[in-house]
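Each residue of the sequence shown is one higher than the one before, starting from 26 at the first, in the numbering used here.
Input: a single structure, listed below in structure tokens.
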Amino acid sequence: MERFKWQAKYELGVPEIDDQHRQLLALANLVFEAMESGKAAAVIDRAIAALVLYTQTHFIDEEDLYGALNSSLADEHHRLHEELRQEILELQQAAQSDRSAEMGDRLSEWVEIRLLPHMMYEDRDAHAAAAGAE
Numbered sequence: 026m027e028r029f030k031w032q033a034k035y036e037l038g039v040p041e042i043d044d045q046h047r048q049l050l051a052l053a054n055l056v057f058e059a060m061e062s063g064k065a066a067a068v069i070d071r072a073i074a075a076l077v078l079y080t081q082t083h084f085i086d087e088e089d090l091y092g093a094l095n096s097s098l099a100d101e102h103h104r105l106h107e108e109l110r111q112e113i114l115e116l117q118q119a120a121q122s123d124r125s126a127e128m129g130d131r132l133s134e135w136v137e138i139r140l141l142p143h144m145m146y147e148d149r150d151a152h153a154a155a156a157g158a159e
């Protein structure tokens, strides 16, 4: 079951970033489904490691983009990414000792309360600030 479905309201209008956002949701779905269905620890560990790695790669790409576009919010966006990086690393660490459905709920909460709003609002703000700099 797909927990996180891509919606048009998540689109930023930058194909590379939108594709990466879709991939982040797909990876979050993979982790959630592995936890919900009681998959083996190694499967869960690999799934969450992939989510963490891709999150970090995506944030670097976004920061490079907004830096290159001279977004006035580039530094603030980097700070927000640092918070999100720390949070996903903490979730990864917690998942190593707790692979329960409850941990899946914690991941879902992080996606719904932190990642999706970041994509919909903070990424849009940074992009608009870059567009305003042109």
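Don't be surprised by glycine CBs; every beta carbon is placed ideally from N, CA and C.
Figure out for me which residue from the options has the closest Cα to the Cα of residue i.
i           : options              : result
residue 32  : 47, 41, 42 and 40    : 47
residue 52  : 90, 37, 70 and 36    : 70
residue 34  : 108, 149 and 67      : 149
residue 147 : 103, 82, 112 and 114 : 103
residue 151 : 30, 88, 130 and 41   : 88
residue 40  : 65, 27 and 86        : 86
residue 97  : 27, 28 and 153       : 153
Mapping the DSSP letters down to three states, classify residue i as helix, strand or coil.
i           : result
residue 123 : coil
residue 54  : helix
residue 159 : With a pLDDT of 49 at residue 159, under the threshold of 50, the modelled position of that residue is not reliable, and the figure given next carries that caveat. If DSSP states are grouped into helix, strand and coil, residue 159 belongs with coil.
residue 28  : coil
residue 64  : coil
residue 136 : helix
residue 105 : helix
residue 90  : helix
Taking 9 Å as the cut-off, decide whether the C-beta atoms of residue i and residue j are in contact.
i           : j           : result
residue 37  : residue 55  : no
residue 116 : residue 135 : yes
residue 80  : residue 109 : yes
residue 45  : residue 83  : yes
residue 140 : residue 49  : yes
At least 3 beta-carbon pairs within less than 8 Å: the segment 126-134 vs the segment 59-74: Cβ pair count under 8 Å is three or more, so yes.
Three or more C-beta pairs below 8 Å linking the segment 109-123 and the segment 90-97: With fewer than three CB-CB distances shorter than 8 Å, the segment 109-123 does not count as touching the segment 90-97.
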